[in-house]
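Undergrad:
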Amino acid sequence: MRPLKKLTLAAATVVGCVVAMPGFAQVTDWRKINTPALSEFKIQEPKRIVLANGMVIFLQEDHELPLITGNIAIRGGSRDEPAEKVGLASIFGQAWRTGGTKARTGDAIDEYLELRAAKVETSADVDSSMVSMNSLKQDFDDVLGVAIELLREPEFREEKIVLAKNQLNTGISRRNDNPMQIAGREAMKIAYGPTSPYARVEEYYTVAAVKREDLLAWHRRFVHPNNMLVGIVGDFDSAKMEAKLRAAFEKLPKGPEAPKMTAEFPDPKPGVYFIAKDDVNQSSIRMVHMGVQRNNPDYYALEVMNEIFGGGFSARLFSNIRSKKGLAYNVGGGVGSSWDHPGVFQISMGTKSQSTSAAIDALREEIDQLHKSPPTADELKRARESILNSFVFRFDTKAKVIAERMNLEFYGYPADFTAKYRTAIEKVTTDDVARVANKYVTGDKVALLVVGKAGDFDKPLSSYGQVSNIDITIPDTAPGTVKPAAPTGSSTQGRQLLDKVVMQMGGAKVLSAAKSLRQNSVAVMKTPQGEMTVEIDSVSAFPDRMRQVMKTPMGEMTMVAAPGGAFMLGPMGTRDLPSSQKDQMLREMNWNPIAVAQHASDPKYTFNIVGEETIGGVKTQILEISADGNSTRWFVDPASGRVLRSSTRATGPTGPTEQVANFSDWKTMNGITLPMKRTIMQGGKEAGTAEIKTFEINPATDTKSWEKPPAK
Amino acid sequence: MRNRFIQAAITAVILASGVSLNAQDLAAFEKKVTTRKLANGLTVLIVERPEAPVFSFFTHVDAGSAQEVPGITGLAHMFEHMAFKGTPVIGTKDYATEKKALEKVERAYMAYDAARRSEVGRDDKRTAEMEKAWKDSIAEADKGVVLNEFGEIIDRSGGVGLNAFTSSDETGYFYSLPSNRVELWAYLESERFLQPVMREFYKERDVVMEERRMRTDSNPIGKLVEQFLGAAYIAHPYGYAVVGWPSDLTSFSASDADKFFKTYYVPSNMVVTLVGDVKASTAMPIIEKYFGRLPSRPKPEPLRTTEPPQGSEKLVTLTDKSQPFYIEGYHKPSATHPDDAIYDVIGDLMSSGRTSRLYRALVRDKKVAAASAGFSGFPGQKYPNLFAFFAVPSPGHTVDEVRNAIRAEIDRLRNEDVTDDELRMVKTRAKADLIRGLDSNQGLARQLGTAQARFGDWRELFRQVDKIDKVSKADVRRIANATFTADNRTVGVIQSTQMAKTKGSE
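Same order as they appear, the protein sequences are chains D and G.
For the first sequence, the numbering used here gives the first residue as 3, with consecutive numbering after it.
For the second sequence, the numbering used here gives the first residue as 2, with consecutive numbering after it.
#1: Closest by CA to Ile611 (chain D), which one among D:Gln600, D:Gly631, D:Arg635?
#2: By how many angstroms is the C-alpha of Lys263 (chain G) removed from the C-alpha of Phe194 (chain G)?
#3: Counting only beta-carbon separations shorter than 7 Å, does Ser633 (chain D) have a partner in chain G?
#4: I think Asp434 (chain G) touches Ser254 (chain G), with their Cβ atoms under 8 Å apart; what is that distance to the nearest whole Å?
#5: Which chain D residues are close to Met339 (chain G), counting only those with a beta carbon under 8 Å from its beta carbon?
#6: Please classify Pro258 (chain D): is it buried, with 16 or more other beta-carbons within 10 angstroms of its beta-carbon, or exposed?
#7: Distance, Cα to Cα, Arg77 (chain D) vs Arg296 (chain D)?
#8: Of the residues G:Ala501, G:Arg455, G:Val492, G:Arg464, which one's Cα is nearest the Cα of His61 (chain G)?
#9: Taking the alpha-carbon of Phe94 (chain D) as reference, which of D:Gly690, D:Lys327, D:Lys383, D:Ser80 has the nearest alpha-carbon?
#10: At a Cβ threshold of 7 Å, is Lys315 (chain G) touching chain D?
#11: Per DSSP, what are the beta-bridge partners of His332 (chain G) in this structure?
#12: Interface residues of chain G around Ala39 (chain D) at Cβ under 9 Å?
#13: Grab me the residues of Ala728 (chain D)'s own chain with a C-beta within less than 8 Å of its C-beta, minus the 5 sequence neighbours each way, in chain order.
#14: Within the same chain, show all residues whose beta-carbon is closer than 6 Å to that of Val508 (chain G), passing over the 5 residues directly before and after it, in chain order.
#15: Which term fits Leu304 (chain G), buried or exposed, when burial requires 16 or more other beta carbons within 10 angstroms of its beta carbon?
#16: List the residues that DSSP assigns as beta-bridge partners of Ile699 (chain D).
#17: Taking Gly89 (chain D) as the reference, give the member of D:Val346, D:Tyr207, D:Glu537 with the closest Cα.
#18: Whose C-beta lies closer than 6 Å to the C-beta of Arg106 (chain D) among residues of the same chain, with five residues either side of it excluded?
#19: In angstroms, rounded to a whole number, what distance separates the CA positions of Leu646 (chain D) and Thr608 (chain D)?
#20: Are the C-beta of Gly654 (chain D) and some C-beta of chain G separated by less than 7 Å?
#21: Would you check whether the ligand SAM has a heavy atom nearer than 6 Å to the C-beta of Ile411 (chain G)?
#22: Identify the continuous alpha helix (DSSP H) that holds Trp186 (chain G) and give its terminal residues.
#23: Which value, in whole angstroms, describes the spacing of the CA atoms of Arg223 (chain D) and Pro261 (chain D)?
#24: Report the CB separation of Val145 (chain D) from Ala120 (chain D) in whole angstroms; it is logged as a contact under 8 Å.
#25: Which stretch, first to last residue, makes up the beta strand (DSSP E) that contains Thr681 (chain D)?
#26: Could you tell me whether the Cβ of Lys585 (chain D) comes closer than 7 Å to any Cβ of chain G?
#27: Any idea what DSSP makes of Tyr415 (chain D), helix, strand or coil?
#28: Out of curiosity, what's the CA-to-CA distance linking Trp708 (chain D) and Met570 (chain D)?
#29: Using 7 Å as the limit for Cβ to Cβ distance, is Pro181 (chain D) near chain G?
#30: Following the continuous alpha helix (DSSP H) through Thr274 (chain G), name the residue where it begins and the one where it ends.
#31: Below 8 Å on the Cβ atoms is my contact criterion, and I expect Ser542 (chain D) with Ser518 (chain D) to pass it. Report the Cβ-Cβ distance as a whole number of Å.
#32: Run through chain G and tell me which residues come within less than 9 Å of Lys326 (chain D), C-beta to C-beta.
#33: Looking at Thr100 (chain D): is its Cβ nearer than 7 Å to the Cβ of Glu155 (chain D)?
#34: Leaving aside the five residues before and after Ala372 (chain G) along the sequence, list all residues of the same chain whose C-beta is less than 6 Å from its C-beta, in chain order.
#35: Need the endpoints of the beta strand (DSSP E) that Lys87 (chain D) sits in, please.
#36: Buried or exposed: where does Arg50 (chain D) fall if 16 or more other Cβ atoms within 10 Å of its Cβ makes it buried?
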């Protein structure tokens with residue numbers, strides 16, 4: 003391989019050494035600046051060794067610095083894990099190293115290595131796991147020793163599995179905090195399908211399903227020399243290193259081959275997808291459909307097309323969307339390619355909420371233009387020059403050369419693939435680019451995803467078609483799982499306890515006559531800034547209407563949930579509430595004992611006693627009430643029938659939460675007895691109190707109050 | 002017993018092999034470095050590293066957001082964006098016409114901006130007319146623009162990694178090219194600092210606003226950090242957001258940017274470092290020819306304001322839907338202070354790898370956090386700055402728990418000596434990391450250029466390792482006691498309104 007031209011000396015001669023006088027404006031035409039041919043550069047190919055047991059080793063000497071770096075890549079990654087154990091490869095990748103070996107704990111290895119400022123780490127990727135090593139050259143034997151111990155006798159100590167799971171669970175709990183992260187993740191799910199091994203993500207329950215035995219089984223399944231590629235680069239003598247590695251690895255017995263991956267790659271369902279995120283002022287926009295595999299003959303033309311369309315400072319997307327229109331800071335895209343499965347065509351962009359639609363239009367225009375005004379000869383020239391002139395940066399370190407060779411070997415590509423790349427790029431014509439643009443970028447197939455604050459958009463997303471809302475609520479249990487606690491019917495004891503509660507409140511007759519309830523209360527919430535007092539006037543009209551007017555130090559705020567929709571009215575104007583929030587408001591309202599009492603004989607409601615707990619010296623029975631897949635728990639004093647505490651589990655955007663309230667100060671009005679004081683608990687601590695000042699059964703309400711006021 | 006024996010053996014190995022690494026390295030490295038101060042005051046470093054026919058450079062401008070005052074916050078970063086917009090030769094169809102159009106844009110903007118910001122008696126109709134006139138003038142000026150020609154020349158010449166950054170302390174410009182393009186590079190890099198043109202300024206302001214929305218407004222931790230620094234500093238500009246306050250970002254003008262450029266982009270305030278397959282004997286004359294064109298101007302006056310002693314603890318709370326986050330910071334001296342290496346030792350000891358104290362306490366043992374670290378030099382190093390600790394609580398764990406765990410580790414630092422092994426690990430790592438840092442053209446250019454600018458000598462990069470080597474247990478305790486006190490502390494937390502529930506792993 004000789005991709006680079008020989009140096010012509012004459013051209014390298016350099017002009018004058020005299021320092022020009024400051025301010026002496028000599029305007030130079032950059033086009034006239036001499037560019038000598040690039041000096042001859044012989045790429046140093048690594049030595050390739052194949053052991054009898056199938057292991058392939060690459061050795062690359064690099065004597066510049068007294069360091070040695072090694073990577074051992076092993077077939078088998080997250081795409082090979084079972085769907086019910088997503089996260090397995092990742093836990094394996096962490097606990098392999100931290101869990102230590104039969105002889106040493108991971109902590110002991112940490113100290114052993116850190117005293118040498120050396121590293122041995124393990125990790126897992128989509129298609130492989132990796133043992134990586136890095137040390138000063140005199141410590142390499144010690145480091146290699148650790149790596150071999152890990153390969154042969156990993157222990158996966160339980161406490162490190164717990165730690166690895168804790169890391170994954172942290173990631174899950176935080177995955178909806180950042181809009182760009184949401185957009186990136188969900189775009190892949192749209193492109194590949196939500197259950198595709200290339201898009202699915204771990205959940206609390208898939209992480210919990212992973213056991214130590216799974217990690218040992220993974221190790222037995224994949225970690226064999228015939229599934230391994232070893233690459234060592236650094237300050238060593240190849241012959242000596244080869245002898246050392248042969249001594250270490252030759253005795254490893256051959257194991258079963260890693261299974262080949264098969265998956266389906268249909269194009270995603272085109273359409274408009276939306277994810278609500280109200281605490282941002284910038285929309286994250288993605289457009290996706292299926293891309294190509296790298297061994298596609300059109301790969302080279304696509305590389306050129308990508309360069310013109312979305313790569314670099316002079317590409318169309320950057321120039322038109324960012325520089326010309328000022329619509330974005332980050333914008334880019336192109337037809338993605340992967341080594342052994344199709345990549346994704348993707349455009350990504352961030353723009354202020356108020357220009358979301360303008361940005362979508364601009365991106366659609368760019369896709370259109372790719373077909374309508376195919377790349378010009380000048381664009382082609384520029385893209386080709388850019389790719390070819392920067393080609394040398396693929397090999398400008400010996401570490402990059404060996405990494406490239408390992409990649410080709412891993413994915414079964416010919417060793418001269420990269421060398422041929424250059425020639426193939428040189429041959430790409432404007433016709434080729436126009437052809438692949440038409441073939442691989444299809445506006446009609448594009449799925450559009452927007453993460454943002456819909457209320458601030460310049461035009462509703464529905465102007466681009468039927469909008470599918472994506473629910474990114476973090477689930478607690480697998481979909482379709484029958485919650486083990488969900489009772490199939492009510493127990494006699496459960497019903498009896500409910501009867502006591504109903505009696506204490508005033509009896510079934512009085513309660514069933516209460517169609518609605520108005521409460522005026524004062525809530526004192528503890529916030530990090532101090533206590534905040536809120537006056538609340540709420541009307542609950544069971545089962546489907548609720549209206550709350552809150553007077554806060556920041557102003558008055560009204561929240562309404564009604565069959566016609568849910569909205570919030572505040573100092574900042576009116577905005578719609580997402581249906582998830584509406585559902586939650588109504589769900590909470592319907593756990594009001596008055597509402598529950600009205601369903602005492604509804605077969606959808608079940609009542610069971612699930613335990614006992616002592617609250618303030620009173621031994622309470624825990625009554626679990628379930629309806630429509632949701633449940634709440636009342637801690638009932640069986641002597642008085644009073645509910646001393648309620649505990650409701652809800653699933654919010656960040657995962658399951660638990661709402662606990664303690665009740666006190668019972669008062670009777672119009673035949674109904676209710677606790678006047680409610681203490682809200684969070685994480686075992688008091689988070690606030692709410693006291694009912696007055697309450698009224700079946701109050702008069704204005705029907706208008708359920709309707710959203712017209713926009714001003 | 003067995004463990005202790007092994008450790009003693011390890012220690013002996015390290016002592017034998019590690020210590021001499023350093024002086025040797027500097028001597029060997031020095032041979033590759035050529036330093037020159039040009040007549041206009043510009044410092045040039047060339048490092049010959051002929052590993053492959055490529056080179057990287059780093060232009061260090063000793064001006065960052067700390068050079069800003071209210072009204073122009075974000076301007077250092079804004080100028081950085083403008084340095085990609087070209088010159089009278091690059092990026093224009095006809096500069097004479099474009100220049101006139103740009104002057105018109107500026108006049109129209111001045112008029113509009115003054116009208117829009119007048120506090121009393123603003124005439125909204127008139128303001129809207131002025132805004133329209135300004136926008137029309139922009140559309141006119143845009144006709145003369147060749148979009149992104151500066152970047153395009155670099156792209157098509159094989160440039161990679163074209164980028165720049167602005168921090169509180171400095172602005173840096175960098176990319177890499179094949180080594181046959183040294184002269185083209187010297188022309189382009191000097192040209193953009195000889196005669197930058199503020200074309201497309203007001204659209205680029207919008208781009209920067211998008212950058213702000215992405216990094217700060219729509220990012221909970223970004224939001225918290227902005228408020229945290231604002232609370233930690235009442236006087237020194239380290240309290241300003243590097244990206245700028247929205248009001249300033251939507252107000253400052255191209256003329257402001259030009260003025261900032263003329264004040265701070267002075268050759269004596271800049272260091273240009275070239276690393277790669279270049280010969281100093283041939284490259285230096287080229288650099289002198291092109292960079293010698295930059296006019297010599299007086300070096301900007303050093304900053305007057307220093308942050309007064311804090312004297313009282315401060316707390317910033319962001320109540321947000323996102324999961325909790327914790328940060329606390331303590332004021333400490335600048336990077337040139339003799340004690341600075343001690344802070345580096347503390348940072349490494351607390352944070353580096355799985356043997357670090359914060360990892361072991363918060364992540365491994367108490368399991369209250371998924372990550373935790375402490376580090377020196379926040380948000381910059383040039384001026385007295387913060388030593389900051391942060392933690393990412395695990396699901397269901399609170400900021401109080403991670404705060405208590407961090408404080409317990411700080412107390413240990415104040416009350417007990419660090420162990421011999423710990424100190425040895427830190428010192429060995431410092432040496433090894435120095436060597437590891439020498440393996441990339443771009444990394445070297447940045448490290449050396451920054452050291453040259455900050456300390457007046459690139460060798461400080463190597464000397465820092467010597468300084469770390471001299472740090473004692475007593476030093477660590479002394480500094481911990483002097484620095485980590487309540488009245489020197491600012492705390493920033495994200496309190497989550499939707500805390501994830503504790504998830505048992507099994």
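Think of the CB as a built atom: it goes at the ideal place given N, C-alpha and C, for glycine as much as any other residue.
TA: Looking at the coordinates:
#1: D:Arg635
#2: 10 Å
#3: no
#4: Not quite, the Cβ-Cβ distance comes to about 44 Å (not below 8 Å), so this is no contact.
#5: In the sequence under discussion, the amino acid at residue 339 (chain G) is Pro, which differs from the Met named in the question. Under the 8 Å cutoff, chain D gives no residues; its nearest Cβ is about 25 Å from Pro339 (chain G).
#6: exposed
#7: 19 Å
#8: G:Arg455
#9: D:Ser80
#10: No, its Cβ sits nowhere closer than 7 Å to a Cβ of chain D.
#11: G:Leu387
#12: Against chain G, the beta carbon of Ala39 (chain D) has neighbours under 9 Å at Asn181, listed in chain order.
#13: Any property of residue 728 (chain D) remains undetermined from this structure, which presents chain D solely from 3 to 714.
#14: Outside the modelled stretch of chain G, which goes from 2 to 507, sits residue 508 (chain G), for which no answer is possible.
#15: Exposed, since its Cβ has fewer than 16 Cβ neighbours within 10 Å.
#16: D:Leu519
#17: D:Tyr207
#18: none
#19: 20 Å
#20: Any reading at Gly654 (chain D) must be qualified, since the residue scores a pLDDT of 49, below 50, and its modelled position is unreliable; the value itself is stated next. It does: the Cβ of Gly654 (chain D) has a partner Cβ on chain G nearer than 7 Å.
#21: Absence of the ligand SAM is noted for the structure shown, with no ligands found whatsoever.
#22: 183-195
#23: 9 Å
#24: 5 Å
#25: 674-684
#26: Strictly speaking, residue 585 (chain D) in this sequence is Asp, with Lys absent from that position. So no, Asp585 (chain D) is outside the interface.
#27: Three-state DSSP puts Tyr415 (chain D) in coil, outside helix and strand.
#28: 11 Å
#29: Interface residue, yes.
#30: No alpha helix (DSSP H) contains Thr274 (chain G), which is instead part of the beta strand (DSSP E) from 271-277.
#31: 6 Å
#32: Neighbours of Lys326 (chain D) across chain G, judged by C-beta separation under 9 Å: Asp143, Val146, Leu148, Glu201, Lys204.
#33: no
#34: Val393
#35: Premise fails: Lys87 (chain D) is in no beta strand (DSSP E) and is neither H nor E.
#36: exposed
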